[in-house]
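Asks: Chains as they are written, first to last, in our numbering: chain A, 382 to 497; chain B, 2 to 112. Ideal Cβ positions, reconstructed from N, Cα and C, are used throughout, including at glycine. Here you go, one structure.
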């Protein structure tokens, strides 16, 4: 069974440009999460989809970030326009059920974003 | 809000020695706690999780963790370190399926 995949693995862009990150969850997983780790900081939650609906987007930093999950399969995270402080590693995770918090979240390898 | 604190950003151990990584949690309700590991150039992999069943939780690769409510701790241990254990380890707590992570502890293993 394929794991969570993310594309691209690395992205280097100029400040003010737009970048779109993609995440393909494990097949059949209704729950999809985005997290981010900026350099020297903790991994922080961004948002949670259940199928195509946003369940919790309390961690989204500002309106320059837009996440979508059309059809409840893969998800994209767009940053427009990118700022220097957006640099970091963006992780995607998926889980099968939405239980009381005990379900294992399976993580992808991350996308390393560098904004120059 | 629930949170975790990992003590020590770097730990260096000799091959064959005990690995001890410390994690303390803050929660007003019984927490769901996790340890993840990130090997170089890979995603986070679940080592083990505590879901209020047994207080001693066994995970993969010989790791285990003990939930101690009186100490609000969930420390990770492995009796004998291998070179392949070199990685970054994260403690996390789940609140409504949202994981909150500690800052991470990087483990290096000396031959």
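Name the two residues that bound the continuous beta strand (DSSP E) containing residue 465(A).
Replies: Careful: residue 465(A) lies outside any beta strand (DSSP E) and carries neither H nor E.
Asks: Determine the burial state of residue 11(B): buried for a count of at least 16 other Cβ atoms within 10 Å of its Cβ, exposed for fewer.
Replies: Exposed, because fewer than 16 other Cβ atoms sit within 10 Å of the Cβ of residue 11(B).
Asks: In or out: residue 421(A) buried (at least 16 other Cβ within 10 Å) or exposed?
Replies: exposed
Asks: Around the Cβ of residue 397(A), are there at least 16 other Cβ atoms within 10 angstroms (buried) or fewer (exposed)?
Replies: exposed
Asks: So the beta strand (DSSP E) residue 469(A) belongs to, where does it begin and stop?
Replies: 469–476
Asks: Considering residue 112(B), what are the terminal residues of the beta strand (DSSP E) in which it resides?
Replies: Here residue 112(B) belongs to no beta strand (DSSP E), and DSSP marks it neither H nor E.
Asks: Which whole runs of the beta strand (DSSP E) in the segment 84–109 of chain B are 3 residues long or more, in chain order?
Replies: 88–96 and 99–102
Asks: Give every residue of the same chain whose Cβ lies closer than 7 Å to the Cβ of residue 56(B), excluding the five residues on either side of it in the sequence, and list them in chain order.
Replies: Closer than 7 Å at the Cβ level, and outside the excluded window around residue 56(B), lie 67 and 68.
Asks: Just to confirm my understanding: we take residue 17(B), look at its own chain, exclude 5 residues before and 5 after, and list those with CB closer than 6 Å. What are they?
Replies: 81
Asks: Any chance you could list the beta strand (DSSP E) runs of at least 3 consecutive residues sitting entirely within the segment 387–445 of chain A, in chain order?
Replies: The segment 387–445 of chain A contains these whole beta strand (DSSP E) runs: 391–394, 400–405, 412–418, 424–431 and 434–437.
Asks: What does residue 78(B) pair with, by DSSP beta-bridge criteria?
Replies: Partner(s): 21(B) and 65(B).
Asks: If we call anything under 8 Å between Cβ atoms a contact, is residue 407(A) one with residue 416(A)?
Replies: no
Asks: If we count Cβ pairs, one from each stretch, closer than 8 Å, do we get three or more for the segment 435–454 of chain A versus the segment 386–397 of chain A?
Replies: The segment 435–454 of chain A is not in contact with the segment 386–397 of chain A.
Asks: Determine the burial state of residue 475(A): buried for a count of at least 16 other Cβ atoms within 10 Å of its Cβ, exposed for fewer.
Replies: buried
Asks: With 8 Å as the limit, tell me which residues of the segment 47–69 of chain B have their beta carbon closer than that to any beta carbon of chain A; keep them in chain order.
Replies: Legend: CB atoms of the segment 47–69 of chain B lying less than 8 Å from CB atoms of chain A belong to residues 47, 50 and 52.
Asks: In chain A, what lies closer than 7 Å to residue 77(B) by C-beta?
Replies: Those do not exist, as residue 77(B) stays about 17 Å from chain A at its closest Cβ, beyond 7 Å.
Asks: Under a CB-based cut-off of 8 Å, is residue 429(A) close to chain B?
Replies: yes
Asks: Exposed or buried, which one is residue 478(A) when buried takes at least 16 other CB atoms within 10 Å?
Replies: Burial call: exposed.
Asks: Below 8 Å on the Cβ atoms is my contact criterion, and I expect residue 385(A) with residue 489(A) to pass it. Report the Cβ-Cβ distance as a whole number of Å.
Replies: So it is a contact: roughly 4 Å between Cβ atoms.
Asks: With C-beta atoms as the reference, is residue 105(B) less than 8 Å away from residue 472(A)?
Replies: no
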